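The listed protein sequences correspond, in order, to chains A and B.
The numbering used here applies: residue -9 is where the first sequence begins, and numbers increase by one.
The numbering used here applies: residue -9 is where the second sequence begins, and numbers increase by one.
There are 2 protein chains.
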Amino acid sequence: MASAAELLHQQGASATSLADIAQHADVPLGNVYYYYRTKDDLVRAVLVAQTEQVAAMMDGFAGLGGPAERLKALVSRWDAMRDLVARYGCPFGSLTTELNRRDDDLARDAAAPMRAILDWAAGQFRELGCAEPDDLAVTLLSGIQGSALLAAALGDPDLLARQVRHLHSWIDSTAATAPKR
Amino acid sequence: MASAAELLHQQGASATSLADIAQHADVPLGNVYYYYRTKDDLVRAVLVAQTEQVAAMMDGFAGLGGPAERLKALVSRWDAMRDLVARYGCPFGSLTTELNRRDDDLARDAAAPMRAILDWAAGQFRELGCAEPDDLAVTLLSGIQGSALLAAALGDPDLLARQVRHLHSWIDSTAATAPKR
DNA sequence: GTCTATAGCATGATAGAC
DNA sequence: GTCTATCATGCTATAGAC
């Protein structure tokens, strides 16, 4: 499953065969089908793992000083893997994008990681006392995902770094203008 | 080729077969190979058409009052097709994302539409007298692409509409704080 | 130039020995 | 549970009649 997650990120879901995954994981192809009845089942498992990973990441920010620091820590997570993002895109964003164009169950569940991030970020903005916290969360995650897309398109990790700095100062100014709660 | 462009947008490049495209265009499969020697050639033709489409779009903004109006007209183009974007994502962004993960010639050319938009937008910000016009162009297109991605992920056209309004006011305030040229 | 038929191959999935 | 062999299908690409 870890191999699947890595290859789905690097090659995309429909461009990655189960033979690729089995070889990368150094297991026979038949074994994959013992644990995952179909390819979609395996993709779904990756999606669930991503959702849990996102939840764990946000839990890790709980100890930070305040909502603004937590939001900035969130953004910095993409900066920390900027080389990977500039090469293959955001692992959540690219998988979500690909699954989205289908019209089965997987397409419906594909947005789970994004939804988790949006809900959490909206909570932070709400704690700051900002108006329209849901829209601010969307603006923040849009900035992250758009920057990741462009950094990958241009193959430029520094682009991501610059946009992360921009988002940090945007968070600060948004927090500064919010009414005290 | 128009059928190819439509299906690549709706289903993605690797999920769309040449048989799909031929059927949609109501031509026999063999004919596709008469005009495009390989599937990659056809994908490349779609990419070139997108690049020309983007260039024509920006040319169409030349008659508008000023740079800020032109930039807002650019953003509004995504709002005008918000239902399509919310269903299948941005046609440029999703194709760029998919082709990006390969390492052949197509991957290198995939960013052409994005580059064209970035260069044009940077020119508008420069005309406004803004500092760091290249970074501002990236921030603007990041906002567009990120919003398109999230609108598609959540299947919510209104999300795109709200972010477009946000970007419009961001353009206005950025223009207002720029030194006169 | 248009169209049919099919070669050649990769893939998702399964059967069944161990 | 593990692994090999293989089926069935769909795909890219080509051959060749018209």
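Quick reminder that beta carbons are idealized off the backbone N, C-alpha and C, glycines included.
These numbers were taken from a predicted model, which means no experiment stands behind them.
Close CB contacts of LEU74(B) within its chain, under the 7 angstroms cut and outside five residues either way in sequence, are absent. Its chain contains THR41, VAL44, ALA45 and MET48 as the residues whose beta carbon lies nearer than 8 angstroms to that of ALA106(B), once the 5 sequence neighbours on both sides are disregarded; these appear in chain order. The alpha-carbon of GLU(-4)(A) is positioned some 22 angstroms away from that of ASP95(A). Within chain A, SER4, GLU88 and ARG91 have C-beta atoms less than 7 angstroms from the C-beta of GLY2(B), given in sequence order.
Of all alpha-carbon atoms in VAL65(A), ALA5(A) and SER(-7)(A), the one lying nearest the alpha-carbon of ASP162(A) is that of VAL65(A). Residues of the segment 135 to 162 of chain B whose Cβ lies closer than 7 angstroms to any Cβ of chain A, in chain order: GLN135, GLY136, SER137, LEU139, LEU140, ALA142, ALA143, LEU144, LEU149, ARG152, GLN153 and HIS156. Annotated three-state conformation of LYS29(B) is helix, per DSSP.
For MET104(A), the residues of chain B that pass the 9 angstroms Cβ criterion are LEU139, LEU140, ALA143 and LEU144, in the order they occur in the chain. Excluding residues up to 5 positions away in sequence, VAL65 and ASP69 lie with their Cβ nearer than 6 angstroms to the Cβ of VAL154(B) in the same chain. When rounded, the separation of the alpha-carbon atoms in PRO57(B) and ASP124(B) is 14 angstroms.
Judged by beta-carbon spacing, ARG77(B) lies within the 8 angstroms limit of ALA142(B), meaning their Cβ atoms are closer than that value.
Against chain B, the CB of LEU(-3)(A) has no partner CB under 8 angstroms away; the residue lies outside that interface. For PHE115(B), the closest alpha carbon among the candidates TYR26(B), LEU37(B) and ALA168(B) is that of ALA168(B). The beta carbon of ALA100(B) sits closer than 8 angstroms to some beta carbon of chain A.
Ranking GLU117(B), ALA112(B), TYR24(B) and HIS14(B) by CA distance to the CA of VAL128(B) puts ALA112(B) first.
Look at SER84(A): its C-beta is under 8 angstroms from a C-beta on chain B.
Looking at the backbone, the Cα of LEU140(A) and that of MET104(B) are separated by about 8 angstroms.
No Cβ of chain A is located within less than 8 angstroms of the beta carbon of LEU37(B). Look at the segment 64 to 88 of chain A and you find these whole runs of alpha helix (DSSP H), each 4 residues long or longer: 72 to 78. Under the Cβ distance rule, ASP109(A) does not count among the residues neighbouring chain B, no pair being separated by less than 8 angstroms. Annotation: the segment 1 to 29 of chain B contains the following complete segments of the alpha helix (DSSP H) (minimum length 4 residues), in chain order: 8 to 15 and 19 to 25.
Below the 9 angstroms Cβ cutoff, chain A contributes no neighbours of VAL65(B), its closest Cβ being approximately 12 angstroms away. By the C-beta density criterion, LEU131(A) is buried, having at least 16 other C-beta atoms within 10 angstroms. Per DSSP, the unbroken alpha helix (DSSP H) holding ARG105(B) starts and ends at 102 to 118. Less than 8 angstroms separates the beta-carbon of LEU19(B) from that of ALA9(B).
DSSP places ASP146(A) in no alpha helix (DSSP H); its state is neither H nor E. Where ALA97(A) is concerned, the enclosing alpha helix (DSSP H) starts and stops at 95 to 99.
Annotated as distal: GLY50(A) and ALA138(A), with beta-carbon spacing of 8 angstroms or more. For ASP125(B), a Cβ of chain A is located within less than 8 angstroms of the residue's own Cβ. In this structure, LEU108(A) keeps its C-beta atom at 8 angstroms or more from the C-beta atom of ALA165(A). Residues of the same chain with a CB within less than 8 angstroms of the CB of ALA101(A), apart from the 5 flanking positions on each side, are THR86 and ASN90 in chain order. At a cut-off of 8 angstroms between beta carbons, LEU118(B) makes no contact with chain A. At a C-beta separation below 7 angstroms, VAL128(B) has these neighbours in chain A: LEU140, LEU149 and GLN153.
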